Amino acid sequence: MFLEDTIQVQAGGQARGYTIRVRPGIRRALPRMIPAHARAHRYAVIADETVGELYGAQIVGGLEGEGKVARLFTFPPGEASKTREQWARLTGEMLDAGFGRDSAVVAVGGGVTGDLAGFVAATFMRGIPLVQVPTSLVAMIDSSVGGKCGVDVTEGKNLVGAFHPPHLVVVDPEVAVTLPVEERAQGLAEAVKHGAILDPVYLADLEGDIPCVLGGEVGATGRVVVRSIEIKAEVVSKDERESGLRKILNFGHTLGHAVEAAAHYALPHGSCVALGMVLEARLGERLAITRKGTADTLRKMAGLLNLPTTVPAGLRAETILGYTRSDKKGRQGKPRYVLLAYPGAVAQNEDWAREVPDEIVLEVLAEASA
Ligand SMILES: NC(=O)c1ccc[n+]([C@@H]2O[C@H](COP(=O)([O-])OP(=O)(O)OC[C@H]3O[C@@H](n4cnc5c(N)ncnc54)[C@H](O)[C@@H]3O)[C@@H](O)[C@H]2O)c1
Ligand SMILES: [Zn+2]
5 MFLEDTIQVQ
15 AGGQARGYTI
25 RVRPGIRRAL
35 PRMIPAHARA
45 HRYAVIADET
55 VGELYGAQIV
65 GGLEGEGKVA
75 RLFTFPPGEA
85 SKTREQWARL
95 TGEMLDAGFG
105 RDSAVVAVGG
115 GVTGDLAGFV
125 AATFMRGIPL
135 VQVPTSLVAM
145 IDSSVGGKCG
155 VDVTEGKNLV
165 GAFHPPHLVV
175 VDPEVAVTLP
185 VEERAQGLAE
195 AVKHGAILDP
205 VYLADLEGDI
215 PCVLGGEVGA
225 TGRVVVRSIE
235 IKAEVVSKDE
245 RESGLRKILN
255 FGHTLGHAVE
265 AAAHYALPHG
275 SCVALGMVLE
285 ARLGERLAIT
295 RKGTADTLRK
305 MAGLLNLPTT
315 VPAGLRAETI
325 LGYTRSDKKG
335 RQGKPRYVLL
345 AYPGAVAQNE
355 DWAREVPDEI
365 VLEVLAEASA
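See below:
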């Protein structure tokens with residue numbers, strides 16, 4: 005049974021936190037909630053074309069019903085739209101439509117929309133209020149919390165952006181029902197990560213909840229979204245700018261990102277993270293830092309999600325290792341890894357992340373190759 009939850013996130017020091025509200029059906033209350041948290045004269049509701057049609061028009065109509073000026077701005081769905089060109093086009097359309105400093109942005113959609121519309125809000129007239137209405141599980145569980153936004157450039161993903169914490173995040177687990185099942189699995193990979201780094205009980209519960217969430221059960225979706233948001237909110241509240249603790253959210257991501265880049269982004273992020281977690285657990289086991297059996301636990305979870313647990317054919321271990329060196333979280337070109345102590349806890353050291361000798365990374369990659 006899941007009814008509702010409210011989670012508070014600290015941002016920008018103690019000066020301005022924000023609230024995340026999770027409740028089935030809450031999207032219908034948005035036209036009243038948005039103006040109460042982000043006061044503005046005009047609302048730019050930004051969504052991709054798919055989500056715009058499903059939910060965006062309804063939100064615009066609701067805001068107009070409350071006497072507000074609101075307009076829907078859309079862009080083609082997919083990562084290919086997370087660009088400076090779309091950012092410039094959306095900003096230009098808002099200016100042409102008379103939007104000014106007294107406006108707010110409502111980002112309705114997946115992580116692409118949150119990042120792109122968030123960056124529009126961060127830069128429009130040097131920053132206007134933002135409300136996040138995440139509709140994909142990736143966005144509900146991960147990207148709508150933490151204040152990071154931005155776009156991809158030819159040199160790499162997410163390389164141009166800003167910190168722009170929202171004024172409010174509203175999550176309606178019912179909207180995940182229209183999300184394709186493979187997209188649900190992508191978001192759940194990050195939920196497994198949250199359990200793996202901080203909460204053994206959540207990780208164990210996920211085993212039962214994963215099939216229900218994949219099956220579109222609203223109660224299980226709400227429970228998982230709330231626990232994941234709580235974990236991410238706890239971490240980013242303590243370390244908004246990633247100088248310390250926030251690094252633990254990169255578990256599975258050093259090798260995950262390297263596989264993603266080596267495969268030229270043909271494999272989605274959640275799939276690469278599922279594989280990255282298994283591989284990084286193996287690294288930890290090799291170094292006798294991670295308890296034996298941890299990699300097997302994570303492999304089982306990835307299996308439940310139907311996500312990869314072996315390195316895709318055609319990707320060479322040396323190529324993947326090469327891509328770890330361009331990871332932007334590395335120090336002076338040396339990649340760093342977050343290692344677990346056991347499923348549900350990170351092995352603590354002075355910096356949360358550590359270097360691992362190349363030979364061990366190559367061995368683990370070779371062993372896991374199909
Ligand atoms: N800012 C952060 O902290 C952060 C964290 C994680 C990921 N991200 C970013 O998030 C992006 C990935 O997000 P994503 O996986 O949500 O991608 P996405 O926004 O492209 O959404 C995936 C697909 O699902 C569709 N969709 C979304 N909600 C739907 C719904 N309720 N019903 C039907 N269809 C729906 C979209 O139209 C799209 O086709 C990446 O760009 C990644 O870099 C950012
Ligand atoms: Zn991730």
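Under my numbering, the first residue of the sequence shown carries the number 5, and numbering increases by one thereafter. Note that CB positions come from ideal geometry on N, CA and C, so glycine has one too. This structure is a prediction, so every number in the text was calculated from the model and none was measured.
Review point. Alpha carbon to alpha carbon, what distance is there between residue 51 and residue 265?
Key: The count along the sequence shown starts at 1 and reaches residue 265 at position 261. The count along the sequence shown starts at 1 and reaches residue 51 at position 47. About 27 angstroms.
Check your understanding: With DSSP run on the structure shown, which of helix, strand or coil describes residue 148?
Key -> Reading the sequence shown from its first residue, position 144 is the one you call residue 148. In the structure shown, residue 148 sits in coil (DSSP, three-state: anything other than H, G, I, E or B).
**Study point:** Pick from 97, 252, 81 that is closest to residue 348, judged by C-alpha positions
**Key:** Working through the sequence shown from its first residue, we reach residue 348 at position 344. Nearest of 97, 252, 81 to residue 348, Cα basis: 252.
Review point. On the premise that residue 353 lies in contact with residue 189, defined as a C-beta separation below 8 angstroms, what is that separation, rounded to the nearest angstrom?
Key: Here residue 189 refers to the residue found at position 185 of the sequence shown. Here residue 353 refers to the residue found at position 349 of the sequence shown. Incorrect: roughly 32 angstroms between the Cβ atoms, too far for contact.
Point to revise | Chain-order list of residues whose beta-carbon lies under 7 angstroms from that of residue 195 (same chain, five-residue window excluded) | key: By 1-based counting over the sequence shown, the position of residue 195 is 191. So the qualifying residues of the chain are 145, 210, 228, 232.
Review point. Buried or exposed: residue 12, going by 16 or more other Cβ atoms within 10 Å of its Cβ?
Key: As a first step, residue 12 is located in the sequence shown; it is residue number 8 there, counting from the start. Exposed, since its Cβ has fewer than 16 Cβ neighbours within 10 Å.
Review point. Whole alpha helix (DSSP H) runs in the segment 20-105 with 4 or more residues, listed along the chain?
Key: 34-41, 61-69, 88-100
Practice item. Output the distance between the C-alpha atoms of residue 292 and residue 25, rounded to the nearest integer angstrom. Key: Indexing the sequence shown from 1 puts residue 292 at position 288. Indexing the sequence shown from 1 puts residue 25 at position 21. Using only the alpha carbons, I get a separation of about 41 angstroms.
**Study point:** Of the listed residues 323, 346, 205, 133, nearest to residue 259 (C-alpha basis)
**Key:** In the sequence shown, residue 259 corresponds to position 255, counting from 1. That would be 323, whose Cα lies nearest to the Cα of residue 259.
Check your understanding: If you measure from the CB of residue 146, is any heavy atom of ligand 2 nearer than 7 angstroms?
Key -> The residue you call residue 146 lines up with position 142 of the sequence shown. True, at least one ligand heavy atom lies under 7 angstroms from that Cβ.
**Study point:** Residue range of the beta strand (DSSP E) that includes residue 167
**Key:** On the sequence shown, residue 167 is found 163 positions in, with the first residue counted as 1. From DSSP, the beta strand (DSSP E) with residue 167 extends over 160-167.
Check your understanding: For the 8 angstroms Cβ check, are there 3 or more pairs between the segment 166-182 and the segment 126-145?
Key -> yes
Check your understanding: So which residues put a beta carbon under 6 angstroms from any heavy atom of ligand 2, going in chain order?
Key -> 194, 257, 273, 277
Review point. With DSSP run on the structure shown, which of helix, strand or coil describes residue 270?
Key: For the purposes of this step, residue 270 is identified with residue 266 of the sequence shown, where counting begins at 1. The answer is coil: DSSP assigns residue 270 none of H, G, I, E or B.
Point to revise | Residue from 140, 327, 247 with nearest C-alpha to residue 181 | key: Locating residue 181 in the sequence shown gives position 177, where the first residue counts as 1. Selected option, being the one with the closest Cα: 140.
Practice item. Output the distance between the C-alpha atoms of residue 345 and residue 288, rounded to the nearest integer angstrom. Key: Here residue 345 corresponds to residue number 341 of the sequence shown, with the count starting at 1. Here residue 288 corresponds to residue number 284 of the sequence shown, with the count starting at 1. Roughly 8 angstroms between the two C-alpha positions.
Review point. Regarding residue 86 and ligand 1, is the C-beta to nearest heavy atom distance less than 7 angstroms?
Key: The residue labelled residue 86 in the question sits at position 82 within the sequence shown. Result yes, Cβ under 7 angstroms from ligand 1.
Practice item. Could you pull out every residue in the same chain whose Cβ sits closer than 7 angstroms to the Cβ of residue 58, ignoring the five residues on either side in sequence? Key: Within the sequence shown, residue 58 is the residue found at index 54, counting from 1. Contacts found: 182.
Practice item. Please indicate yes or no: does the CB of residue 81 lie closer than 7 angstroms to some heavy atom of ligand 1? Key: For the purposes of this step, residue 81 is identified with residue 77 of the sequence shown, where counting begins at 1. Yes, since a heavy atom of ligand 1 falls inside the 7 angstroms radius drawn around the Cβ of residue 81.
Review point. If you count every other CB in all the chains shown that lies within 10 Å of the CB of residue 111, and 16 or more means buried, which is it?
Key: Looking up residue 111 in the sequence shown gives position 107. Residue 111 is buried by the Cβ-count criterion.
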